[in-house]
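Heads up: the structure comes next, in structure tokens.
Numbering (this note's numbering), first residue to last: 1 to 619.
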């Protein structure tokens, strides 16, 4: 068992050897000595601008500031509130107001998207590119702190089944012991290089940095555009540890990996959803020397379980057993610990349990309750809402969720938040959001709606309005329009009586239009590959199907190669359907190149078909 003594979180910077690499940035690598210096400078600057206990928020991609803030804010006695860079202003405004943040640090483009009313009174807004210059000019440094480990260190916002994101309160001890636990069961050592691809606003995204530094190892933060960027980074930096969510694993198994990218990989870790048996086989084939760690966790208690890599083949559907410092109980509806193979709710006890939800006593009381009788830790436990069973050998198996939370592409999505956004448009009178099982996404988001009688052009308008208010990962993959909704005896929508949604397709059930020529057919195949869909119509909107800015860049690159026709990146925004895009491309005097593009498109389709056949023959 690793050392159970918690320390102030900022002391993680003191763990590594002075000249050992700690953090790989775009333009340079920080040693642990430099990391300690930069954390001290940033902490001193923060302490001069905020009072102890103030909440300071960050809204930016991975970089020096976002990576160092968890330690620097903790050293300054502040509470860090990392905000997912993908969120739109409505969600950001809610997090800022709810947390009462006194400072927001972020990229200029993101900051300028906010309105004055989005900021809490007295909240200072600072461009992240200027902060270290200001800190260096001021030159105030803070030494390692002596804070009480039970003090609040961070608030991580996570979607809840009842609406807007709620802030999970994490102490120094929660985060320190989480880092110790993960570094221990993964066996992370000082010579490891960890590629941090998960968002730093997520619990495990944070822990990738913290557990790496606890082990005295090196972290490489990466905001990737394409899956092949991950492979390139593995080769360039000699990555030994790679963590991802199932949709990303699927994408990573579909690309070509250079031998040098694979050679150094020692371990793979999975979170945010279960791996399929097929995906496990593909990962094993791609990374034959790597140990695969399936994991389960929840933000309210960080990680709960992991499955020993040696047992993945013999227990392929198991969640494993408790991680160090966690006690996992299966509890029946009467609060009693279940017998072997008896279904119950997963209850997490121990020092990893968070302090509750920020300024939300009601929801805290629902999830954070006294540990069941028989717990060796006692105190407060978190009741997960997940139904599980434990077999005779102590291995846990997932049964289902008690609530209706949607997990899509590793993101927890509140059905009520999506439904509220749809109702707020004034275009629909009723709305129900559902998660439908999807091989690539985990859950595909389906929205079932009844339009208001006076709404005109509701279908297109609803899609447009949702794009304004919700981040891309919350956009419905399919919208089902209904003239009536089933109701129960209480007059509420009877969700169980709703017809089962179809498989993921276009946002309008009757909107599919087949390609009419070779160029349309080629682009259809390209979009299907990029978006992970089995069917795309020529009148389907790229963004309605789950496309976002990163995928636009990918589509532009591959489309330019496919068509050999001058295509501007902005064209994909101006002409978001295949039909409109082809009309635009063919309106130019480019006949010869278009004919050539058709040939190239045909060759590409043949190559894709051959690849799919090869993948289908594996086993």
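Ideal placement from N, C-alpha and C gives every residue a C-beta, glycine not left out.
Neighbour-count burial assignment, residue i, 16 or more Cβ in a 10 Å radius
i           : result
residue 55  : buried
residue 376 : exposed
residue 341 : exposed
residue 244 : buried
residue 182 : buried
residue 541 : buried
residue 236 : exposed
residue 304 : buried
residue 504 : Residue placement at residue 504 is poorly supported in this model, since its pLDDT is 40, which falls under 50; the coordinates are not used for a value here.
residue 91  : buried
residue 48  : exposed
residue 4   : exposed
residue 484 : exposed
residue 317 : exposed
residue 300 : buried
residue 269 : buried
residue 143 : exposed
residue 133 : exposed
Beta-carbon proximity list for residue i, same chain, < 8 Å, skipping 5 on both sides
i           : result
residue 173 : 6, 149, 150, 351
residue 61  : 85, 107, 223
residue 12  : 71, 176, 179, 210, 213, 214
residue 555 : 526, 527, 530, 542, 547, 572
residue 131 : 42, 45, 65, 105
Nonlocal neighbours in the same chain, by C-beta distance under 7 Å from residue i, ignoring five residues either side
i           : result
residue 164 : 94, 417
residue 141 : 40, 41, 44
residue 101 : 55, 56, 57, 81, 120, 123
residue 430 : 449, 450, 485, 493
residue 36  : 13, 14
residue 33  : 18, 19
residue 198 : 204, 205, 208, 243
Contact under 8 Å by Cβ, residue i with residue j
i           : j           : result
residue 167 : residue 99  : yes
residue 346 : residue 330 : yes
residue 231 : residue 194 : no
residue 153 : residue 79  : yes
residue 356 : residue 407 : no
residue 471 : residue 87  : yes
residue 283 : residue 249 : yes
residue 207 : residue 187 : no
residue 8   : residue 184 : no
residue 247 : residue 110 : no
residue 479 : residue 432 : no
residue 396 : residue 323 : no
residue 286 : residue 384 : no
residue 427 : residue 381 : no
residue 291 : residue 267 : yes
residue 63  : residue 114 : no
residue 159 : residue 445 : no
residue 688 : residue 348 : Not covered by the structure: residue 688. The range shown for the chain is 1 to 619.
residue 75  : residue 145 : yes
residue 533 : residue 225 : no
Residue i in three-state terms, based on DSSP
i           : result
residue 45  : helix
residue 124 : strand
residue 52  : coil
residue 255 : coil
residue 320 : strand
residue 224 : coil
residue 408 : strand
residue 327 : strand
residue 574 : helix
residue 32  : helix
residue 579 : helix
residue 270 : strand
residue 246 : helix
residue 204 : helix
residue 539 : coil
residue 534 : coil
residue 193 : strand
Sequence-distant residues of the same chain with beta carbon closer than 6 Å to residue i, five excluded per side
i           : result
residue 538 : 513, 515, 520, 578, 579
residue 234 : 261
residue 469 : 90, 421
residue 536 : 524, 527, 528
residue 302 : 178, 203, 352
Ordered list of beta strand (DSSP E) runs contained in the segment 365-401, each at least 3 residues: 368-370, 380-390, 396-401
Give, in chain order, every unbroken run of the beta strand (DSSP E) that is at least 3 residues long and sits entirely within the segment 55-94. 55-59, 79-82
Runs of alpha helix (DSSP H) lying entirely within the segment 144-191, each at least 4 residues, in chain order: 172-186
Segments of 3+ residues assigned as beta strand (DSSP E) that fall wholly inside the segment 431-456: Along the length of the segment 431-456, whole beta strand (DSSP E) runs at least 3 residues long occupy 442-451, reported in chain order.
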